[in-house]
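Enquirer:
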Amino acid sequence: MNTAPAVQSACFSRREPLANYLERLDYVSSSVLRRFARSGASPSVLTPSPVPKEATIGDALHALLLEPDRFGDHYFAAGTVGEPPRDSTGSDPAGRTWLSADTCASLEAMRNGILQYSRAPLSRWLADGEKELSIYWTDRSGGRWKGRPDCFSADVILELKTAQDPRISQFARSRRRYGYDLQAAHYVEAVAQLTGRQPRFVYVAVESVKPHTVWVYELSTDELSRARDALQALKDRFVDAFDPACTSLADAGASTRS
Numbered sequence: 040m041n042t043a044p045a046v047q048s049a050c051f052s053r054r055e056p057l058a059n060y061l062e063r064l065d066y067v068s069s070s071v072l073r074r075f076a077r078s079g080a081s082p083s084v085l086t087p088s089p090v091p092k093e094a095t096i097g098d099a100l101h102a103l104l105l106e107p108d109r110f111g112d113h114y115f116a117a118g119t120v121g122e123p124p125r126d127s128t129g130s131d132p133a134g135r136t137w138l139s140a141d142t143c144a145s146l147e148a149m150r151n152g153i154l155q156y157s158r159a160p161l162s163r164w165l166a167d168g169e170k171e172l173s174i175y176w177t178d179r180s181g182g183r184w185k186g187r188p189d190c191f192s193a194d195v196i197l198e199l200k201t202a203q204d205p206r207i208s209q210f211a212r213s214r215r216r217y218g219y220d221l222q223a224a225h226y227v228e229a230v231a232q233l234t235g236r237q238p239r240f241v242y243v244a245v246e247s248v249k250p251h252t253v254w255v256y257e258l259s260t261d262e263l264s265r266a267r268d269a270l271q272a273l274k275d276r277f278v279d280a281f282d283p284a285c286t287s288l289a290d291a292g293a294s295t296r297s
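Listed below in structure tokens is the structure:
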């Protein structure tokens, strides 16, 4: 699969830090669309989400499972052999986030549970897939969108979620509350634009507390179709609310305030 950048194309990808992806305002993400669905045409929906300064277990698990090199650069397990000295504030001089031994044990248990899952080839999909790759595309009406799936190939997208209760019934409530399926449809469109194929979409939900149970849920064709219709309606409303002639979200935000 060719994922080399091609800026002149209607669709291109970039290997870039998350901060760079979030700061790029000339393309619209599913997070912006979902904020718009909740808040309407308020300039606040256009404000990029900051990269979290303090680790949540979900942030750390994403790094450990999907970007292990980044995990080592950004996190440190307190109390381990070779622990670096702290500065006068108790922080790591390298700017890394300190994780307790208990948190590290939980992270390792969650990662191992995912990699050892026997009912779907998660380990192979994760090994073979593109991880944390930014995708940018322009649709037929000129809308400019972006997405950054956790892991994908031309055949399947994996979306990692942590939850205190990952059972299907409870996770379904989270899907509705947070608009996860809108995000799923957005990512499916992104990967289809990049690869020319319609991938499956699979949620990998892992319990953030013991026993760190892993549940895998694949969206059905009907569920994806409904999410796709809802996403398109949301995009149409977004374009109507913000000046489509604007070249960036920053310009769009200014136009709503004038």
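Residue numbers in the sequence shown follow my numbering, run continuously in steps of one, and reach 297 at the last position.
The C-beta atom is built at its ideal place from N, Cα and C for all residues, glycine as well.
In this text the structure is predicted, and so the values were computed from the model without any measurement.
1. Compute the beta-carbon to beta-carbon distance between Val-223 and Leu-263, rounded to the nearest angstrom, for a pair I have assumed lies under 8 Å.
2. Please confirm whether Glu-171 and Asp-189 have their CB atoms less than 8 Å apart.
3. I need the straight-line Cα distance from Arg-179 to Gln-232, nearest angstrom please.
4. Within 10 angstroms of its Cβ, does Ala-102 collect 16 or more other Cβ (buried), or is it exposed?
5. Would you report the Cα separation of Tyr-256 and Arg-239, rounded to the nearest angstrom?
6. Any contact between the stretch 143–157 and the stretch 204–222? By contact I mean 3 or more CB pairs, one from each, below 8 Å.
7. Roughly how many whole angstroms lie between the Cα atoms of Ala-272 and Pro-56?
8. Looking only at its chain, what residues have a beta carbon closer than 7 Å to the beta carbon of Tyr-66, apart from the 5 residues adjacent to it on each side?
9. My guess is that Leu-61 and Ala-99 are in contact by the Cβ rule of under 8 Å, so how many angstroms apart are they, rounded?
10. Run through DSSP, which three-state label would Thr-252 get?
11. Between Val-245 and Ile-153, how many whole angstroms is the CB-CB distance? I'm expecting something under 8 Å.
12. Could you spell out the range, first to last residue, of the alpha helix (DSSP H) harbouring Gly-186?
13. Around the Cβ of Asp-261, are there at least 16 other Cβ atoms within 10 angstroms (buried) or fewer (exposed)?
14. Buried or exposed for Pro-132, going by 16 or more other Cβ atoms inside 10 Å?
15. Under 8 Å by Cβ, that's how I've got Leu-199 and Leu-104 pegged, so tell me the actual separation to the nearest angstrom.
16. Since Ser-247 and Gln-203 should fall inside the 8 Å C-beta cutoff, what is the C-beta to C-beta distance between them, to a whole number of angstroms?
17. First and last residue of the beta strand (DSSP E) that includes Glu-198?
18. Which first and last residues belong to the alpha helix (DSSP H) in which Ser-162 is found?
Expert: In terms of the structure at hand:
1. One point to set straight first is that residue 223 is Ala, not Val, in the sequence displayed. Rounded, the Cβ-Cβ distance is 7 Å, consistent with contact.
2. yes
3. 11 Å
4. buried
5. 11 Å
6. no
7. 30 Å
8. Tyr-175, Arg-183, Trp-184 and Lys-185
9. Contact doesn't hold; Cβ gap of about 18 Å is too wide.
10. coil
11. 6 Å
12. No alpha helix (DSSP H) holds Gly-186; the beta strand (DSSP E) holding it covers 183–186.
13. exposed
14. In this prediction, Pro-132 scores a pLDDT of 47, lower than 50, which makes its location untrustworthy; the coordinate-derived value is nonetheless stated afterwards. Its Cβ having fewer than 16 others within 10 Å, Pro-132 is exposed.
15. 7 Å
16. 6 Å
17. 195–202
18. 161–167
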